[in-house]
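For the protein sequence lines, the chains are C and H, in the order given.
Oh and the first sequence: position 442 is 442 in the numbering used here, straight run, nothing missing.
Oh and the second sequence: position 109 is 563 in the numbering used here, straight run, nothing missing.
Even for Gly, the Cβ is constructed at its ideal location relative to N, Cα and C.
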Amino acid sequence: MGFAHAVGGTRYLFPDLRTLLARATPLRSGDVLAGVAAATAQERVAAQRALADLPLRHFLDEAVIPYETDEVTRLILDRHEPAAFAPVAHLTVGGFRDWLLAAEPAALAALRPGLTPEMAAGVSKIMRLQDLVAVAARCRVTSRFRNTLGLPGRLSLRLQPNDPVDDPRGVAAAILDGLLLGAGDAVIGVNPATDNLETTIRLLDLLDAVRERYAIPTQSCVLAHVTTSLLAMERGAPVDLVFQSIGGTEGVNRSFGVSLALLREAQDAALALKRGTVGTDCMYFETGQGSALSAEAHHGCDQQTIEARAYAVAREFSPLLVNTVVGFIGPEYLFDGKQITRAGLEDHFCGKLLGLPMGVDVCYTNHAEADQDDMDALLTLLGVAGVTYVMGVPGADDVMLAYQSTSFHDGLYLRAALSRKPAPEFEDWMERMGIEAASGAGQLPLAPALIGLT
Amino acid sequence: MTMPTPWVELRRFTSARVALGRAGHGLPTAAHLDFQEAHARARDAVHSALDLDALEAALGRPSIRVASQAADRRAYLLRPDLGRRLREADRASLPPAPGAFLFVVADGLCAIGVQHQAPALIAAARPLLEAAGLALAPIVLASQARVALGDEIGEAMAAAMVAVLIGERPGLSATDSLGLYLTLGPSRGRTDAERNCISNIRPGGLAPEAAAEKLLWLAGAARRLGATGVALKDEQPNAPRLAP
């Protein structure tokens with residue numbers, strides 16, 4: 001079946017759900033590149049009106065990617081719980097938007113198993129930035145491993161101490177800098193410059209040693225491929241969190257070298273290590289709009305709908321952390337600060353609505369039309385939206401991945417501006433070590449020599 | 455705030471922006487403007503263009519000039535597919551060079567490194583390749599070009615192998631980095647998995663002479679193996695180490 005709506009004397013036709021969703025998507029370069037974007041502003045609003053009139057139930061009858069050929073579609077539909085869906089089952093997408101804007105946290109939490117990613121993506125396309133912020137701020141998601149993330153009034157930071165050659169002392173120096181500035185409660189997580197087993201194990205040992213020497217109530221992660229982490233666990237390496245980049249179709253996951261079965265295997269292996277002290281959420285996923293087109297696995301869908309489908313993959317594995325690396329992919333997918341901002345808030349909203357502990361890598365590359373002002377705006381909006389965590393990179397300059405993310409200072413700013421505190425266990429540790437008092441006065445409460453910096 | 459000596463000393467261990475100090479919760483003015491300057495340099499670098507006359511003079515011989523179908527920088531950034539296709543009018547200017555080794559010098563995401571490093575690399579590589587019995591095709595200079603444009607150019611000239619020298623995406627610390635992509639049997643539809651890459655060719659990185667040695671090794675191995683890309687592992691003995 002198709003959909004139609006008239007705007008300005010022209011009747012616009014949309015042959016199927018994926019086309020309707022794509023045409024209704026606010027403008028971004030990746031959808032233009034894929035050839036799925038609305039051709040005019042009026043076609044876009046016609047699609048948005050047709051989408052607003054669509055019964056939410058329709059999403060259970062028409063898959064944007066066929067059930068038979070895509071394991072992510074099967075996961076989405078097989079896991080759908082009609083009882084949880086019941087409170088909104090009678091609504092259109094437009095009615096659902098109104099319902100969300102008035103919903104209390106308990107109702108939003110109860111709805112999660114009844115929502116599909118496509119429903120979340122669909123309603124987000126007819127929401128303004130303030131709607132995305134307001135609803136996300138009422139989605140409470142808590143996750144636990146060695147500390148508790150996502151509590152109200154809290155804002156966590158991933159400490160990202162990357163080094164261009166995986167030099168252990170370079171990594172250690174960046175970790176210490178970040179700890180002194182209050183970062184690291186979400187995770188201390190390194191992207192290795194080379195994804196090989198020896199490097200991964202060496203970095204895992206380093207991160208674990210730093211955590212133990214300073215007795216930090218947090219978790220560590222080396223963001224290697226899941227197969228590398230599996231081998232490291234076989235060798236007895238100290239793996240807290242298993243990392244993997246994921247996407248919203250079977251094809252894009254194949255391009256990342258993963259499947260649902262492989263992720264399950266990795267989760268089982270990490271759970272068996274029993275390294276969590278206050279919880280067992282041991283997976284860390286990264287996503288980002290555009291990866292499916294980049295892998296030629298988008299099936300004619302818009303990039304934001306595919307991104308939301310990745311969250312169905314993530315929630316299957318009870319992750320401690322999920323983040324969308326929103327501006328990393330480049331201007332052919334998100335051209336400028338405006339497009340990056342919208343995408344970051346959409347991803348955060350959809351992730352939270354589906355029940356994920358959602359962080360955002362607020363970032364850009366040098367060939368995108370974006371700068372630090374754009375990052376400040378998105379960071380602040382996400383703070384108001386209750387983002388679980390953001391990245392902390394020394395001086396916002398990742399010297400290994402060659403892009404700009406948020407800094408330790410950005411974390412300090414946001415916590416101060418919005419009266420947010422770190423995760424409670426980490427906050428207690430900072431107080432015990434005298435970190436804020438000492439660092440604010442320019443002193444060094446953590447000894448560099450303890451982690452080999454002599 | 456005064457930075458204590460042990461904090462400042464963290465800078466000894468990393469090129470990352472550590473020990474920046476604090477002004478309240480923010481960056482001190484100097485650190486903030488250091489960042490702005492580095493970003494400004496990188497932004498301007500993205501919009502740098504090849505000076506084709508100067509490049510041809512530095513190469514010391516005539517070359518052929520072509521462009522992709524990306525009409526300007528904005529189109530280039532938004533439509534990578536156009537940067538991989540040859541402007542139709544330029545096809546006729548490409549002479550046949552059957553079986554030859556072809557250099558394509560391309561602006562890519564930043565022309566600065568290309569302008570400086572490409573002539574030195576070609577000057578170092580040319581005698582090595584000729585001594586190995588390879589005939590060299592006329593050099594092609596390509597504007598608004600992506601790596602895969604070399605496939606279409608190589609196909610039009612019937613070249614045996616193409617080395618695309620192209621500007622890498624500028625970072626905050628380096629805006630003059632050159633990359634080299636080697637493809638055997640260039641033709642439209644080749645994928646990145648069918649190329650070998652030598653990256654970070656710049657002062658402080660891989661020297662052009664060392665890159666030329668590596669290119670010679672890769673070209674020889676590609677001829678023996680009949681392939682470039684994932685099938686061809688870089689096992690060059692005593693390979694020069696990439697500088698950090």
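Beta strand (DSSP E) runs wholly inside the segment 72-160 of chain C, at least 3 long, in chain order: 156-159
State whether the segment 364-374 of chain C contacts the segment 129-138 of chain C, with contact taken as three or more CB pairs (one from each stretch) at a distance under 8 Å. no
For residue 599 of chain H, the nearest candidate out of H:563, H:652, H:660 (CA to CA): Selected option, being the one with the closest Cα: H:563.
Count Cβ pairs between the segment 214-226 of chain C and the segment 146-155 of chain C that sit closer than 8 Å; are there 3 or more? Judged by Cβ distances under 8 Å, the segment 214-226 of chain C makes contact with the segment 146-155 of chain C, as three or more pairs qualify.
Could you run through the segment 281-312 of chain C and flag, in chain order, every residue whose CB is less than 9 Å away from some CB of chain H? none
First and last residue of the uninterrupted alpha helix (DSSP H) at residue 328 of chain C: Residue 328 of chain C -> no alpha helix (DSSP H), and no H or E assigned at all.
Residue 435 of chain C vs residue 122 of chain C beta-carbon contact at 8 Å: no
Whole angstroms is fine: what's the gap from residue 423 of chain H's alpha carbon to residue 583 of chain H's? With chain H represented from 455 up to 698, any question about residue 423 of chain H goes unanswered, as that position is not in the structure.
Check the Cβ-Cβ distances between residue 443 of chain C and every residue of chain H, and say whether any is below 8 Å. yes
Which residues does DSSP pair with residue 619 of chain H in a beta bridge? Answer by DSSP bridge pairing, in chain order: H:559, H:634.
Apart from the five residues on each side of it in sequence, which residues of its chain come closer than 8 Å, Cβ to Cβ, to residue 465 of chain H? 472, 473
Contacting residues, own chain, Cβ-Cβ under 8 Å from residue 461 of chain C (five flanking each side not counted): Here chain C comprises residues numbered 1 to 454, so residue 461 of chain C is not present and cannot be evaluated.
Helix, strand or coil for residue 11 of chain C per DSSP? strand
Between residue 698 of chain H and chain C, is the shortest Cβ-Cβ distance under 8 Å, so that the two count as touching? With a pLDDT of 32 at residue 698 of chain H, under the threshold of 50, the predicted position of this residue should be treated as unreliable, and no value is reported.
Cβ contact (3+ pairs, closer than 8 Å) linking the segment 645-665 of chain H and the segment 523-536 of chain H: no
In chain C, which residues lie less than 8 Å from residue 473 of chain H when you measure between Cβ atoms? 177
When DSSP labels each residue in this structure, what does residue 396 of chain C get in the three-state scheme? helix
Give me the Cβ distance between residue 591 of chain H and residue 551 of chain H, rounded to the nearest whole Å; I'm assuming they're in contact under 8 Å. 4 Å
Is any beta-carbon of chain C found at less than 8 Å from that of residue 671 of chain H? no
Closer than 8 Å to chain C by CB, residue 623 of chain H: yes
From which residue to which residue does the beta strand (DSSP E) around residue 361 of chain C run? 358-361
Just verifying my parser: in three-state terms, what is the DSSP assignment at residue 693 of chain H? Here residue 693 of chain H scores only 43 on pLDDT, less than 50, and its place in the model is too uncertain to base an answer on.
On the three-pair Cβ rule with 8 Å, is the segment 241-257 of chain C touching the segment 283-294 of chain C? yes
Determine the DSSP secondary structure at residue 63 of chain C, reduced to helix, strand or coil. Residue 63 of chain C: coil per DSSP, three-state reduction.
Based on Cα-Cα distance, which residue from C:200, C:23, C:32, C:90 lies nearest to residue 48 of chain C? C:23
Supposed close pair residue 46 of chain C, residue 5 of chain C - CB separation, criterion 8 Å: 4 Å
Kindly indicate which residue of H:579, H:644, H:669, H:468 has the alpha-carbon position closest to the one of residue 690 of chain H. Selected option, being the one with the closest Cα: H:669.
Nearest residue (CA-CA) to residue 540 of chain H, options H:512, H:554, H:605: Of the candidates H:512, H:554, H:605, the one whose C-alpha sits nearest the C-alpha of residue 540 of chain H is H:605.
Determine the burial state of residue 19 of chain C: buried for a count of at least 16 other Cβ atoms within 10 Å of its Cβ, exposed for fewer. buried
Nearest neighbour of residue 556 of chain H, chosen from H:505, H:514, H:614, H:520 [CA to CA]: Ranking the options by Cα distance to residue 556 of chain H, first place goes to H:614.
Return the Cβ separation of residue 158 of chain C and residue 403 of chain C in integer angstroms, given the expectation that the two are a contact with Cβ distance under 8 Å. Wrong, their Cβ atoms sit about 15 Å apart, outside the cutoff.
In the DSSP assignment, the alpha helix (DSSP H) including residue 219 of chain C goes from what residue to what residue? Counting along the chain, residue 219 of chain C falls outside any alpha helix (DSSP H), and DSSP gives it neither H nor E.
Helix, strand or coil for residue 624 of chain H per DSSP? Three-state DSSP puts residue 624 of chain H in coil, outside helix and strand.
Where the alpha helix (DSSP H) through residue 382 of chain C begins and ends: 372-384
Boundaries of the beta strand (DSSP E) in which residue 650 of chain H is found, first to last residue: 650-655
Residue 695 of chain H: buried (16+ other C-beta within 10 angstroms of its C-beta) or exposed? Bear in mind that a pLDDT of 39 at residue 695 of chain H, under 50, signals an unreliable position, so the model cannot answer this.
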